[in-house]
Each structure stands twice: as structure tokens, then as C-alpha cells.
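Visitor:
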Ligand code: F6R
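Numbering (our numbering), first residue to last: 108 to 719.
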């Protein structure tokens, strides 16, 4: 939530800042701003409400703002409405300190009162303005340097932050501090960069530093120095980012979401190949030994949003293949319900960004309680990856569209790999079945490709329902977990109200909502549950619903009972989520386009949810 960039180097900063912000716009898009400094001159701040394009127009694509040193911000409002005055950067009264911030300062009220007593006044409703002025206050009161002033501020504030700061007395320098909010720094040939996420600087450098919690950094003269809270230098090495710069561009597609849907066959194959060599799954790169797997007596899965839906699928898959009890929980609930974990419990956290606050805190808690933890994450070096005992990196590459598609698919593959390997180690899967499952997973990419190729039919159906008010998704077992994701995809990018229900649960209340013309999407990929779900479909049909079924080729008699069908290829039933979700992703996408919504940046949402 909120994106930060910074540049200090040989080139004009503003165009680089705007370019970086454009790659971070998925993190927030209610306002944006930059501050740029030309040598010793006073820094120039420019802000604009709304999408980044407004700031680009206001600055003539950055060409009108001169200087080689600057920071920028794209905002997702937490404190204070979206407005130009609340947009970052924020400045101290005399422009001595200018800052951009991602995160939340929890004790902002108390700090505001303290600063008010010291004579500060406030022009915005943001906690960032308070943070900026607190840095200014310590800087002046103790007559100390930027690092010490920021360190004193860090000790005083509660909450999460990634902050980039410029001081009037220190031209051509940028300072950074971080706690619980993402931030990376990069260097290349005398140029220094900072950003909330890799895509913002991928075009300029692949050599990045990861700044740890409660650390600070100083960008100056083409180098970056790191400090701890005592002001001591912390030595750090750069890491190389392997992502391809083109991966953060639309590559000819109208929207990132469509591009990312199309990337899925490749990403599924690459993620599986990362742990499967010569038809054997090897989780040693994840950090898990056979002894650790043997020891596991129960599994908890914690995640949010779509990643949670992967967890719901995982519950069905792992329990069936490994015969170990699995409990899946929303990370935000897990954290506060005092879970009883022992050292034989295994906690899997799933997160694309690796920065979701609730998921991260769930991992911290699981570690404290002595459980072994594994993170399935997409972003290398992210906070959750660093907290967890073991890491399974999904190889989805940068996911820019706010609505996840390819990361969700890669997470499913991680779950299949874990389930099959755990089953082998625990003796619930024999040699023949093991080989069969591996072959089935390897066949998924081609099947996904086939579904994507026939996307025109989904587009046609979506256009028919573009003006629906309510849509229901029903299914049983694994199909229910897929419906949860289908429903979320629909509501978050088309703004059509939708709900997913376990088909058997309908008559316990929700069926009261079924009326003439309401679209009910049913998912039928599990042979044992097929007839049960069709009975539930008949019940809603009798009440006027229009039925769209997603089922596998071969079930042609379904056409007698439903209005529309989308057929998908067959796979082993445990792996059907990977196939059945594709028409649902496409449905959400096409509905969004048909309704004229900004598909990649739906309102009120941010890609990486770093607040509770
Ligand atoms: C929905 C979506 C969100 C995320 C959720 C968790 O399309 O993307 O529901 O799945 O915010 O985010 P991560 O996976 O980054 O922890």
C-alpha cells in the first residue's frame, strides 16, 4: 500500500521517479507526488490528486522539474482523504525536512500533541506529516545529523514504516528507514535507487540491497551505507534480481491482468520444474529435510485473500494425499485467537507479495510458539520469506495487476508439490501413484493454455452479464474452494456483488436471495460430487436462476439443465483448481472491461496490504 521511489545520480531525477511510480501504481493510486532537488537549490515539491497521469501532466512528464536527486510517492489513503494536500511528500514548516512514507504511525495522535506543544502546526490529516516534523524536531533540538535524528524518531514512533527523507542541509543525499514495510535499494554505475518493490527499479539496476527492520540507509555519491539504531555502520552485500525487466511491462496486452493470465502455463511449468528434477520432487531448496517432513503431525495454513483460497484448496488436497489434518485460517484471525501449536505442527504461510502484514505476523507468532514454518512467497527477500524457517519461492515474476492470477496459479503448484512429496515421505503415496501425480502436474500447463485459447467464449458470456447485480458461485469440496476465488475475482475487478457458497449450504439461507435472472456459476470438477452439485443447481434453476456450469469435457448431458457451459480439460481431480480457475479469471477480466473499469487498478484496493 503506497509506493515509494527515490533516485540520486547523474540523470534528471523526475522522469525516473515518474517511471518508477508508474510501476508501483498498483500499490496506490489516489494521489501522487515528487520532490526533486537541483544541487543546493530549494527542493521543489509537486503533487496531484488522482492517478499518476495527473502528476505526469502537471510536470510535463517530469521534464519541468530539474535536479538529480529526488523521491516520489503514490498513495493509498490511510490517514486523511485522498487530496492534494494529503498527498506525499510532506514537509516540515521551513522545508528543512521532506519525506515520503509507506505504512502507519500508530501513536500519531500523541506525537501530534507533543509537536503542537513545541510550536509545530499541521496542514494535512496525515501521519506522515507528523513523522516528517518529528524528524525535524529531533534534528534541530539535538543539533544532530540526519541518521541520529531519524534514529531518535524511530525509537519514538510505533507502527510500520518505510520512509525516504531529504534534508535541506544535505543536498545530494537521501536517507531511508524501515520497519515492517517493504523497501529495497539498488545501485548501478554511480546511480542510487530506492523503491517499495522491484519493478520500479528493474529497468535501471538488478543489484539490490535488502534493508532490515529498524535499519537506516544513506544514499550519497553513488554509494549506499547502512546503519543500525545506534548509528553504527551495518555491512551489506548486494543481491542480484533475476527477474526480467520486460516482465514488468505490458508486452502488447491491453492490461497487465490479461498478460499475467497468459503467462500462467509458463509460470506453472517453471515453478514445478524448480522443485522437480528427473521426475522426482526435491524440497531441499525449500529447506525441508525428510526428517522434518516425517515429524509433521498437523498442518496449519495461514494467508489472506486469494492466497487464503489456495489454502482452502490445499486443505482438501493435503488431507487427502498425506492423511494429516490440515486447518486453514485467515491470517488476521489466526493471529488473535491464541492458536495452540506444538513443535510437530507445521505452519504454511502463503503470500504473493511476502509483505502482507497479517500473514507476516502469523508467521512470527507460529515461530514464537515453536512450530516449523514454511512460506510460499513470490518476492525474493520479502519480509515473510525472511521470517519463515523455510521458503518455497513461486516463480511467477512480478505481478502488477492488483487482482492476482499467475501468483495464485503458482501457489497451487507449490501446494501440489508439497502434498505429493509429503505423501511419498509419509508413505501415503506409493511409487506408481507418485509417478502418476508428477505426470499429471507436468500436463497442467498445456491444459491451461487450451483454456486460455478458447477465451472468446468467456468474453461472449461475460458481455451478456455485464450489468448483473448479484452473482453466486456454487460448488462442493475442491470446487467450493475454486468458487471462492472465482467470486473474489469477479467482485474485486467488476464491482458486481458476488458470493461463493458450498453448494450444500445454499438451502440453509442463501437460497432466499435467488431470484429471476440471477446468474449462478457452478463448478463441477469432482466426480463424486457431480450429482450432488447438479441437484443443487436444479434447486436454484427452479427459482429462476440462470446457470453457467464449468465442468470437464465429457459431461455433455449437463447442457440439458443449464443455460451456458464452459468445458475444461480433465486432470487428476486434486489438480483441477489450476484449470477451473482460468475461466473464472477470464470472466472477472471481461466483465471488468465490459463495465469500463480500470482492470489493473480497481478502486479501494492495493496490491500489497502492509497494514492490519
Ligand atoms: C486478490 C488478491 C488479494 C491477495 C491478498 C494477499 O486478487 O490479490 O486478495 O491475494 O491481498 O496478498 P499476498 O498474497 O501478497 O499476501
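For glycine and all other residues, C-beta sits at the position ideal for the given N, C-alpha and C. Keep in mind the model is a prediction, meaning the values are calculated, not measured.
Three-state secondary structure (DSSP) at residue 229?
Guide: Position 122 of the chain shown, counted from the start, is the residue given in the question as residue 229. Correct three-state label for residue 229: coil.
Visitor: If I follow the unbroken alpha helix (DSSP H) through residue 422, where does it start and stop?
Guide: Here the question's residue 422 lines up with position 315 in the chain shown. Residues 412-429.
Visitor: Just to confirm my understanding: we take residue 520, look at its own chain, exclude 5 residues before and 5 after, and list those with CB closer than 6 Å. What are they?
Guide: Position 413 of the chain shown, counted from the start, is the residue given in the question as residue 520. For residue 520, where only same-chain residues beyond five positions count, the Cβ hits under 6 Å are 375, 378 and 379.
Visitor: Going straight from the alpha carbon of residue 684 to that of residue 305, what length do you get?
Guide: Residue 684 sits at position 577 when you count from the first residue of the chain shown. Residue 305 sits at position 198 when you count from the first residue of the chain shown. Residue 684 and residue 305: Cα-Cα distance of roughly 29 Å.
Visitor: What's the gap between the Cα of residue 222 and the Cα of residue 460?
Guide: Counting from one through the chain shown, the residue named residue 222 turns up at place 115. Counting from one through the chain shown, the residue named residue 460 turns up at place 353. Using only the alpha carbons, I get a separation of about 35 Å.
Visitor: What three-state label does DSSP hand residue 246 in the structure shown?
Guide: Counting from 1 along the chain shown, the entry for residue 246 is found at position 139. It is helical.
Visitor: Nearest to residue 254 by CA position, among 228, 517, 282 and 583, is which residue?
Guide: Residue numbering aside, residue 254 sits at position 147 when the chain shown is read from its first letter. Closest option to residue 254, Cα to Cα, is 282.
Visitor: Is residue 206 near residue 270, with beta carbons less than 8 Å apart?
Guide: Residue numbering aside, residue 206 sits at position 99 when the chain shown is read from its first letter. Residue numbering aside, residue 270 sits at position 163 when the chain shown is read from its first letter. Yes. Within cutoff.
Visitor: Taking the alpha helix (DSSP H) that residue 453 falls in, what are its first and last residues?
Guide: Counting from one through the chain shown, the residue named residue 453 turns up at place 346. It is not in any alpha helix (DSSP H) - residue 453 instead sits in the beta strand (DSSP E) that spans 452-458.
Visitor: Using three-state DSSP, classify residue 284 as helix, strand or coil.
Guide: Numbered from its first residue, the chain shown carries residue 284 at position 177. Residue 284 falls in the strand class under three-state DSSP.
Visitor: Using only the alpha-carbon positions, how far apart do residue 504 and residue 518 sit?
Guide: Translated into positions along the chain shown, residue 504 becomes position 397. Translated into positions along the chain shown, residue 518 becomes position 411. Taking the straight line from one Cα to the other gives about 12 Å.
Visitor: So, at 7 Å on beta carbons, what are the nonlocal neighbours of residue 428 in its own chain, with the 5 sequence-adjacent residues on each side left out?
Guide: Position 321 of the chain shown, counted from the first residue, corresponds to residue 428. Cβ neighbours of residue 428 beyond the five flanking positions: 526, 527, 530, 535, 536 and 681.
Visitor: Flag this pair as yes or no: are the beta carbons of residue 699 and residue 601 separated by less than 8 Å?
Guide: Residue 699 sits at position 592 when you count from the first residue of the chain shown. Residue 601 sits at position 494 when you count from the first residue of the chain shown. Closer than 8 Å, so yes.
Visitor: In terms of residues, what are the limits of the alpha helix (DSSP H) holding residue 223?
Guide: Along the chain shown, read from residue 1 onward, the residue named residue 223 stands at position 116. Residue 223 -> alpha helix (DSSP H) spans 215-224.
Visitor: Among the residues of its own chain, which have a CB less than 8 Å from the CB of residue 334, if the five just before and after it don't count?
Guide: For this step, residue 334 is matched to residue 227 along the chain shown. The residues are 254, 258, 322, 323, 324, 325, 340 and 341.
Visitor: Find the nearest neighbour of residue 294 within the set 653, 115 and 619, judged by alpha-carbon distance.
Guide: Along the chain shown, read from residue 1 onward, the residue named residue 294 stands at position 187. When each option's Cα is compared against that of residue 294, the closest is 115.
Visitor: Compute the distance between the beta-carbons of residue 617 and residue 606, then report whether it is under 8 Å.
Guide: If you number the chain shown from 1, residue 617 lands on position 510. If you number the chain shown from 1, residue 606 lands on position 499. Cβ atoms of residue 617 and residue 606: closer than 8 Å.
Visitor: Would you check if the segment 160-170 and the segment 129-148 touch, i.e. whether three or more CB-CB distances between them fall below 8 Å?
Guide: Touching, yes.
Visitor: Contact between the segment 440-457 and the segment 405-418 is defined here as three or more beta-carbon pairs at a separation below 8 Å; is this criterion met?
Guide: Touching, yes, given that three or more Cβ pairs across the two stretches are closer than 8 Å.
Visitor: Within this structure, are the beta carbons of residue 656 and residue 675 separated by less than 8 Å?
Guide: Walking along the chain shown from the start, residue 656 turns up at place 549. Walking along the chain shown from the start, residue 675 turns up at place 568. Going by C-beta atoms, residue 656 is not nearer than 8 Å to residue 675.
Visitor: Would you check whether ligand 1 has a heavy atom nearer than 7 Å to the C-beta of residue 383?
Guide: Numbered from 1 along the chain shown, position 276 holds the residue referred to as residue 383. Incorrect: residue 383 has no Cβ contact closer than 7 Å to ligand 1.
Visitor: Under a three-way DSSP split, which group does residue 590 fall into?
Guide: If you number the chain shown from 1, residue 590 lands on position 483. Looking at residue 590 - three-state DSSP - the assignment turns out to be helix.
Visitor: Suppose only complete runs of 3+ residues qualify. What are the beta strand (DSSP E) ranges in the segment 520-592, listed by chain order?
Guide: As far as the segment 520-592 is concerned, its whole beta strand (DSSP E) runs of at least 3 residues are 577-582.
Visitor: For ligand 1, any of its heavy atoms closer than 7 Å to the Cβ of residue 480?
Guide: If you number the chain shown from 1, residue 480 lands on position 373. Result no, Cβ not under 7 Å from ligand 1.
Visitor: Please report the Cβ distance between residue 524 and residue 582, rounded to the nearest whole angstrom; I am assuming they are in contact, meaning their Cβ atoms lie under 8 Å.
Guide: Locating residue 524 in the chain shown gives position 417, counting from the first residue. Locating residue 582 in the chain shown gives position 475, counting from the first residue. That pair is no contact at about 24 Å.
Visitor: By the DSSP assignment, the alpha helix (DSSP H) with residue 363 in it spans what residues?
Guide: What you label residue 363 is simply residue 256 of the chain shown in a count that begins at 1. First-last of the alpha helix (DSSP H) with residue 363: 363-369.
Visitor: Can you give me the start and stop residues for the beta strand (DSSP E) that residue 259 sits inside?
Guide: For the purposes of this step, residue 259 is taken as the residue at position 152 of the chain shown. No beta strand (DSSP E) holds residue 259; the alpha helix (DSSP H) holding it covers 253-263.
Visitor: My understanding is that residue 652 touches residue 621, with C-beta atoms under 8 Å, so please give their C-beta distance in whole angstroms.
Guide: Residue numbering aside, residue 652 sits at position 545 when the chain shown is read from its first letter. Residue numbering aside, residue 621 sits at position 514 when the chain shown is read from its first letter. Yes, they are in contact, since the Cβ atoms of residue 652 and residue 621 sit about 5 Å apart, within 8 Å.
Visitor: Where does residue 329 fall in DSSP's three states?
Guide: Counted from its first residue, the chain shown places residue 329 at position 222. In this structure, residue 329 counts as coil in the three-state DSSP scheme.
Visitor: Can you determine whether any heavy atom of ligand 1 sits closer than 7 Å to the C-beta of residue 405, and answer yes or no?
Guide: As a working note, residue 405 is residue 298 in the chain shown. No, the Cβ of residue 405 stays beyond 7 Å of every heavy atom of ligand 1.
Visitor: Checking the sheet assignment: what are the DSSP bridge partners for residue 180?
Guide: Locating residue 180 in the chain shown gives position 73, counting from the first residue. DSSP lists 111 and 140 as partners of residue 180.
Visitor: Nearest-angstrom Cα distance between residue 692 and residue 499?
Guide: Residue mapping note: residue 692 aligns to position 585 of the chain shown, counting from 1. Residue mapping note: residue 499 aligns to position 392 of the chain shown, counting from 1. For residue 692 and residue 499, the distance between alpha carbons rounds to 24 Å.
Visitor: According to DSSP, is residue 308 helix, strand or coil?
Guide: Start at 1 with the first residue of the chain shown, and residue 308 comes out as number 201. Coil, per DSSP.
Visitor: Report yes or no: do the segment 114-132 and the segment 164-181 share at least 3 C-beta pairs separated by less than 8 Å?
Guide: A contact exists between the segment 114-132 and the segment 164-181.
Visitor: Residues near ligand 2, CB to any non-hydrogen atom under 6 Å, in chain order?
Guide: As far as ligands go, the structure on display features ligand 1 and does not contain ligand 2.
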